[in-house]
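J.: Residue 333 in the working numbering sits at position 333 of the sequence shown; the count goes up by one each step and never skips.
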Amino acid sequence: WMREASALQVTDTTMRDAHQSLLATRMRTFDMLAVAPHVAQTLPQLLSAEVWGGATFDVALRFLHEDPWERLSRLRETLPNVCLQMLLRGQNTVGYTRYPPDVVRSFVDEARETGIDIFRIFDANNDVDQMRPAIEATLEAGAVAEGAVCYTGDLSDPNEKLYTLDYYLRLAEELVEAGSHVLCIKDMAGLVRAPAARALVGALKRAFDLPVHLHTHDTSGGQLATYLAAIETGVDAVDGAAAPLSGMTSQPSLAAIVAATDRTDRATGLSLDSLGDLEPYWEAVRTLYAPFESGLRSPTGTIYRHEIPGGQLSNLRQQALSMGLAERFEEVEHLYARCDKILGRLVKVTPTSKVVGDLALYLLSAEIDPDDLAEDPGRYDLPDSVIGFLRGELGEPPGGWPEPLRSRALEGRDRPPDDGRLSEGDRSALAGNDRRPALNRLLLPGPTEEQRAAGERYGDVSVVPTRAFLYGLETGEELAVDLEPGVRLYMRLETITEPDERGIRTLQVTLNGQPRPIDAQDHSLEPEVPVRERADPVNDAHVAAPMTGLVTLTVEEGEKVGAGQQIGAIEAMKMESAIRAPLDGLVERIAVPSGTNVEPGDLLIVLGSES
C-alpha cells in the first residue's frame, strides 16, 4: 500500500535517532512516556515512530540505569495506534560485535512480542549475508523487514569508484532476494545530495517493486532539498523529527516536511498545528539535556570532509570530553577523516564508525601521527575495536582490507576465532519464558552488570523526574515521585552537611514527612592528585599508558611475561584498549594500582630481565 498511496509517508525519529544524534542518546523513558499519549492522539497518520534500537539499548543500561525492554513495553502501551520501529544492526543486533543466529532470532522475536512492528535492518559493511538472519527472524515473527542500504561518499561524483550507483543497486537486489518488504536508503551522515537522491531513488523505483524509504541527517543544513528531490522522484517515505529536536546532526524538521508537501498530491496528512502544539514540550525537554549537546551550533559543510554519522557525533564529543580532549574536537574530526582513509574508506555506521572514532581518539590522546601508525601499527596498543575489526570480527569492508596495515597490526596478536556456539545454559535461557536477562547479558555483559548493580543500590530510578535525576535537588526543594500507580513518594531535601575527612556528606531528607539521614560520597570534591611517574619513551622496559582512561592491570610483580602478552587494559567510556608487554621479562615494578585514572605517558609497569 505504500507504493500505491500518493501521500508521502513519514517516520518520527524524535524518541530515538533525534536524541541519539543531538543529545548523546540520553533521553530517558520518563520524558518519552509523558508525551507519548499526545503523539498517539494528535499524529495518528504517522507511518511509524522510531523509538528503540541503535545506541538506546546500550545507553539505557550503561548511563541511565534503565531496562530498555521496559521502555519498549511502556511505549507500546502509550502508543497503541502507531507502528513502532527500531534500528537493528543486522547480526550485531544492538551491540558491537557479531552474535550467533540463535541470539539474533531470540532478540527479534522478543522485540516483536514486546511491541516492535517495523525492523530497519542494516549491516555496517553493507554485507547482506550478515543481515539475512535478522531479516529471516523478522519475517518469521510477522513484522515488517525494512532492509537498509547504508550510503556513503557521493555517487554523483564521476571520480567515485567504490560507492557507485551500480554498487547500491546490487545491494538492493540482494535485499529484495533476502525478503525485505521495504528498501531503505540509510544516509547516516547526511551525505546524499539532491542530484544523488534523484538518481538513486529513481533507479530503485524503476528496478524494484518495493517501497523506498529515505533516512538522512541534516548536518550540512541542505537535506530538505534532498528530500524534495527524492519526493519529486517518487520516494515513498522519509524520516523527520519534532522541530526542537531536528536539524544539524538530527533529521530534518517534521514541520518543514509537512509544510513543503501540503497542498500537493504528496501531502502527508499530518497536521502542522498538531506538530506545533507538541513543540513547547520538546523545547523544554531539550533544555534539560543541554550538557549532552553535540556542541554543533549551526550546520556545517565539514560533514562532506569527515563524514561522521549524525548519530555518532554527540557521543564522540562525550568520549572526547571524558578523555580531556573536548577543546581539541576539531582535531578529532580531522583525524577521523584520516583514520577512515587508513582503514580503507569504510561505510561508517555503528559499529564500524566506532572503530574509526576510537582510532582517532586514541591517536590524538597518545599524540601519535597517523603516518607513523600506517608505517608500523604493530608498535602501538590499538583499541580493541580496531583490532577486532582488522581480525574480521565485523566482516569484510566493501573496499577490501587495508594492507599492509592489517597484516602488520595483527602480527603476534592473532587468536583462535570464537566458534559462535552458545552454552546449553544460554540456549535454555533463550528458549525460556523470561529471556530478556539472558539477551542483555549475551549482548552487552558490562552495561548489563552496571544496570543490575545500580538497580540493587538505587532501585528503579526511571520514575525519578529528569531534572532531579541529572542535577539533584536544591536545599528546601520538594519532589514528588510516582513509584507505581497510586503510590506517590514526597521527598524534600532539608540540609546537607559539610564533608567529613572521607568526603562523605550527610543529607537530611524528609520522605513522606518522615526525616531520614542519608550518607553520600561527594564526587565533586577535588582530591589531591598525586604527581605520577612518567615513562621514559626511549626505555623499552617502561610500559606507559597509551591514552587517558581507567587502567586495569592483570599481572603481579615478579610475574614472567612474554612480548606481546596482554598485561592490562585501559578504558574510557565505550573505548577499550589492551596493554601489552613490549618485550620478554619479569614484572619488576607496578607503578600504579589497578583502578587508577591515568594520563598518556604515565608509567604503569617496569619490566626487568629474567636473570
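Even for Gly, the Cβ is constructed at its ideal location relative to N, Cα and C.
Using beta-carbon positions only, say whether proline 517 and proline 600 come within less than 8 Å of one another.
T.: No, the Cβ-Cβ distance between proline 517 and proline 600 is not below 8 Å.
J.: With a CB to CB cut of under 6 Å and the five nearest residues on each side skipped, what residues in its chain are close to phenylalanine 107?
T.: Excluding positions up to five away in sequence, the list reads Thr93, Leu439.
J.: Span of the beta strand (DSSP E) holding methionine 86?
T.: From DSSP, the beta strand (DSSP E) with methionine 86 extends over 84-88.
J.: Can you tell me the Cα-Cα spacing of arginine 266 and glycine 179, whole angstroms?
T.: Their backbone Cα atoms lie some 28 Å apart in a straight line.
J.: Taking the beta strand (DSSP E) that tyrosine 490 falls in, what are its first and last residues?
T.: Looking at the DSSP string, the run of the beta strand (DSSP E) that includes tyrosine 490 is 487-496.
J.: Taking glutamine 251 as the reference, give the member of Arg441, Ala18, Asp434, Gly562 with the closest Cα.
T.: Considering only alpha carbons, the answer is Ala18.
J.: How many angstroms separate the CA atom of valine 481 from the CA atom of phenylalanine 57?
T.: Each residue's Cα considered, the two are about 24 Å apart.
J.: Measure how close the beta-carbons of valine 587 and arginine 532 come, nearest whole angstrom, since I'm counting them as under 8 Å.
T.: At roughly 18 Å, the Cβ-Cβ gap does not stay under 8 Å, so valine 587 and arginine 532 are not in contact.
J.: Do glutamine 508 and threonine 495 have their CB atoms nearer than 8 Å?
T.: A contact, by the Cβ cut-off of 8 Å.
J.: By the DSSP assignment, the alpha helix (DSSP H) with alanine 636 in it spans what residues?
T.: As shown, the chain starts at 1 and ends at 611. That puts residue 636 outside it, with no answer to give.
J.: For glutamine 508, does the three-state DSSP call read helix, strand or coil?
T.: The answer is strand: DSSP assigns glutamine 508 an E or B state.
J.: I think valine 386 touches leucine 364, with their Cβ atoms under 8 Å apart; what is that distance to the nearest whole Å?
T.: The pair is not a contact, with the Cβ atoms about 14 Å apart (cut-off 8 Å).
J.: If the criterion is Cβ atoms closer than 8 Å, does the pair leucine 84 and isoleucine 135 meet it?
T.: No.
J.: Is leucine 607 closer than 8 Å to alanine 535 when the C-beta atoms are compared?
T.: Their beta carbons are not under 8 Å apart, which means alanine 535 does not touch leucine 607 by this criterion.
J.: Is phenylalanine 119 helix, strand or coil by DSSP?
T.: Residue state, collapsed to three classes: strand.
J.: Cα-Cα, which of Leu275, Asp209, Lys205 is closest to proline 44?
T.: When each option's Cα is compared against that of proline 44, the closest is Leu275.
J.: Here's a check: name, in chain order, each residue in its chain whose Cβ is nearer than 6 Å to the Cβ of glutamine 130, leaving out the five neighbours to either side.
T.: Once the five neighbours on either side are set aside, the close Cβ partners of glutamine 130 are Gly90, Gln91, Asp123, Gly395.
J.: Since threonine 114 contacts serine 156 with CB under 8 Å, what's their CB separation in whole angstroms?
T.: Incorrect: roughly 41 Å between the Cβ atoms, too far for contact.
J.: Where histidine 217 and valine 128 are concerned, what is the direct C-alpha to C-alpha distance, given to the nearest angstrom?
T.: Cα to Cα, the separation comes out at about 23 Å.
J.: Could you check if aspartate 369 is buried or exposed, using at least 16 other CB atoms within 10 Å of its CB as the buried criterion?
T.: Exposed, because fewer than 16 other Cβ atoms sit within 10 Å of the Cβ of aspartate 369.
J.: Where are the beta strand (DSSP E) runs, 3 residues long or more, that stay fully inside the segment 23-102, in chain order?
T.: Counting only runs of 3 or more, we get 48-53, 84-88.
J.: Could you tell me whether the Cβ atoms of isoleucine 303 and glycine 190 are closer together than 8 Å?
T.: In contact: isoleucine 303 and glycine 190 (Cβ atoms closer than 8 Å).
J.: Among Leu210, Asp236, Met27, Ser253, whose alpha-carbon lies nearest the alpha-carbon of glycine 222?
T.: For the residues Leu210, Asp236, Met27, Ser253, the minimum Cα distance to glycine 222 belongs to Ser253.
J.: Any idea what DSSP makes of aspartate 369, helix, strand or coil?
T.: Three-state DSSP puts aspartate 369 in coil, outside helix and strand.
J.: Does the distance from the CB of proline 351 to the CB of arginine 286 come in under 8 Å?
T.: It is not a contact, given that the beta carbons lie outside the stated cut-off.
J.: Candidates Cys150, Glu77, Leu224: which alpha carbon is nearest histidine 38's?
T.: Closest by alpha carbon: Glu77.
J.: Does the contact criterion of 3 or more C-beta pairs under 8 Å hold for the segment 166-180 versus the segment 198-208?
T.: Contact between the segment 166-180 and the segment 198-208 is present, because at least three Cβ pairs lie under 8 Å.
J.: Could you tell me which of Pro80, Ser246, Gly392, Lys354 sits nearest to threonine 612, measuring between CA atoms?
T.: A question about residue 612 goes unanswered here, because the residues of the chain that appear run from 1 up to 611.
J.: Excluding the 5 residues preceding and the 5 following proline 537 in the sequence, name in chain order all residues of the same chain whose CB lies nearer than 8 Å to its CB.
T.: For proline 537, where only same-chain residues beyond five positions count, the Cβ hits under 8 Å are Ala544, Gly601.
J.: Using CA coordinates, which residue listed in Glu498, Pro499, Asn512 is at the minimum distance from arginine 488?
T.: Taking only the C-alpha atoms, the option nearest arginine 488 is Asn512.
J.: Whole angstroms are fine: how far does the CA of methionine 86 sit from the CA of alanine 259?
T.: Those two C-alpha atoms are separated by around 26 Å.
J.: Within this structure, are the beta carbons of valine 212 and tyrosine 151 separated by less than 8 Å?
T.: No, the Cβ-Cβ distance between valine 212 and tyrosine 151 is not below 8 Å.
J.: Using the C-alpha atoms, what's the distance from valine 238 back to isoleucine 231?
T.: Rounded to the nearest angstrom, the two C-alpha atoms are 9 Å apart.
J.: Whose CA, out of Tyr281, Gly295, Ala225, lies closest to the CA of threonine 249?
T.: The option with the nearest alpha carbon to threonine 249 is Gly295.
J.: Please go through the segment 379-453 and give each complete alpha helix (DSSP H) segment of 4 or more residues, from N-terminal end onward.
T.: Runs of the alpha helix (DSSP H) inside the segment 379-453: 384-391, 405-410, 424-431, 436-443.
J.: With a threshold of 16 other CB atoms inside 10 Å of the CB of arginine 297, please say whether the residue is buried or exposed.
T.: Flag for arginine 297 reads exposed.
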